[in-house]
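Participant:
Chains as they are written, first to last, in this note's numbering: chain A, 648 to 731; chain B, 118 to 316.
#1: Across which residues does DSSP place residue 705 (chain A) in a beta bridge pair?
#2: Taking the continuous beta strand (DSSP E) assigned at residue 686 (chain A), which residues delimit it?
#3: Residues of the stretch 286-315 of chain B in Cβ contact with chain A at a cutoff of 8 Å, in chain order, please.
#4: Quick check on this structure: which residue in B:182, B:194, B:197 and B:195 has the alpha carbon closest to the alpha carbon of residue 228 (chain B)?
#5: Between which residues of its own chain and residue 701 (chain A) is the CB-CB distance below 7 Å, once the five residues before and five after are set aside?
#6: The stretch 678-705 of chain A: which residues have C-beta closer than 8 Å to a C-beta of chain B, in chain order?
#7: Can you name the residues that DSSP bridges to residue 162 (chain B)?
#8: Among B:254, B:284 and B:249, whose alpha-carbon lies nearest the alpha-carbon of residue 263 (chain B)?
#9: Which residues does DSSP pair with residue 228 (chain B) in a beta bridge?
#10: Residue 251 (chain B) and residue 295 (chain B) look like a contact to me (Cβ under 8 Å); what is the Cβ gap, rounded to whole Å?
#11: Could you confirm whether any beta carbon from chain A is found closer than 9 Å to the beta carbon of residue 273 (chain B)?
#12: Verify the CB distance criterion: does residue 210 (chain B) have a CB-CB separation below 9 Å to chain A?
#13: Alpha carbon to alpha carbon, what distance is there between residue 230 (chain B) and residue 239 (chain B)?
#14: When burial is assigned at 16 or more other CB atoms within 10 Å of the CB, is residue 314 (chain B) buried or exposed?
#15: Helix, strand or coil for residue 200 (chain B)? Go by DSSP, reduced to three states.
#16: Taking Cβ-Cβ distances shorter than 7 Å, what residues in chain B pair up with residue 664 (chain A)?
#17: Okay, do the stretch 659-678 of chain A and the stretch 690-706 of chain A touch, 3+ Cβ pairs below 8 Å being the bar?
#18: Quick check on residue 720 (chain A) - is its C-beta less than 9 Å from some C-beta in chain B?
#19: With a threshold of 16 other CB atoms inside 10 Å of the CB of residue 187 (chain B), please say whether the residue is buried or exposed.
Next comes the structure, spelled out in structure tokens:
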């Protein structure tokens, strides 16, 4: 199986001042996975949003799950999509 | 947390808050200019029996602060009855903890009203419920009129970038079109609160 390079998208509420949490999570993923992820996209939005998806699968939603995601849980979701 | 005279004096003046803003000052001042205060509302604030101290919790990144604090600022300036001091939320968590929205959310702005002896008269949080309701209805109508936007509760990161941009523009249009109503509702709620408790 060819190695995959997951795409991560973080949609955050810019009006709520969620930039620090967004940057912390992006930084953690970049340091952990380096070039094994293909991209980390940051999407400024509104309405109290903090959503994280990996290859189109929503792994955390503030609306659905409450609060900010545990960084380790997002790392785990990325790791599950990495090739062997 | 009780705010007394000396703590109140440590807050930023309204102009001082504006001076220290690192973002959104243009939007803040634009909103200031757009606030229309009806003569009857202004007369009601001017007729308050005594000046009222208003402690405000705010941050310059918050959309509801950018929208609603200018309404209070205009009321203070034009009525001469509201003495405003602003406390940055993230540097004044002891105050914030006493005014959590629904007991758990650090929603801002918070306006806390005190009489001359610093007895608390009441407080106001974030935005009027009527504004939240109207914008939710208008937002639902946007999604209903544009199937390409998908479901209102679906993650927006799945939308193509151009569609996401158009959705963002539609949502901004809803905000712009509902701003006069929203400003009017802030004035109405503050007038009702203050004329009730300061009588």
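All C-beta atoms, glycine included, are put in the ideal place defined by N, C-alpha and C.
Facilitator: Judging by the given coordinates:
#1: Among the bridge pairs identified by DSSP, residue 705 (chain A) is matched with A:700.
#2: First-last of the beta strand (DSSP E) with residue 686 (chain A): 686-692.
#3: The residues in question are 288.
#4: When only C-alpha atoms are compared, the closest one is B:182.
#5: Excluding residues within five positions, the ones whose Cβ falls inside 7 Å are 653, 655, 724, 725 and 728.
#6: Those would be 688, 690, 692, 693, 696, 698, 700, 703 and 705, in chain order.
#7: For residue 162 (chain B), which the question treats as bridged, DSSP gives no partner whatsoever.
#8: Checking every option, the nearest Cα to that of residue 263 (chain B) belongs to B:284.
#9: According to DSSP, which records beta bridges pairwise, residue 228 (chain B) is partnered with B:173 and B:241.
#10: Right, their Cβ atoms sit about 6 Å apart.
#11: With its beta carbon less than 9 Å from one in chain A, residue 273 (chain B) belongs to the interface.
#12: At least 9 Å separates the CB of residue 210 (chain B) from every CB of chain A.
#13: Taking the straight line from one Cα to the other gives about 5 Å.
#14: Here residue 314 (chain B) is exposed: its Cβ has fewer than 16 other Cβ atoms, across all protein chains shown, within 10 Å.
#15: DSSP places residue 200 (chain B) within a strand segment (E or B) once states are collapsed to three.
#16: The answer, in chain order, is 176, 178 and 179.
#17: A contact between stretches requires three or more CB pairs, one per stretch, nearer than 8 Å, and the stretch 659-678 of chain A meets this requirement with the stretch 690-706 of chain A.
#18: Residue 720 (chain A) does not count as touching chain B.
#19: With 16 or more Cβ atoms within 10 Å of its Cβ, residue 187 (chain B) is classed as buried.
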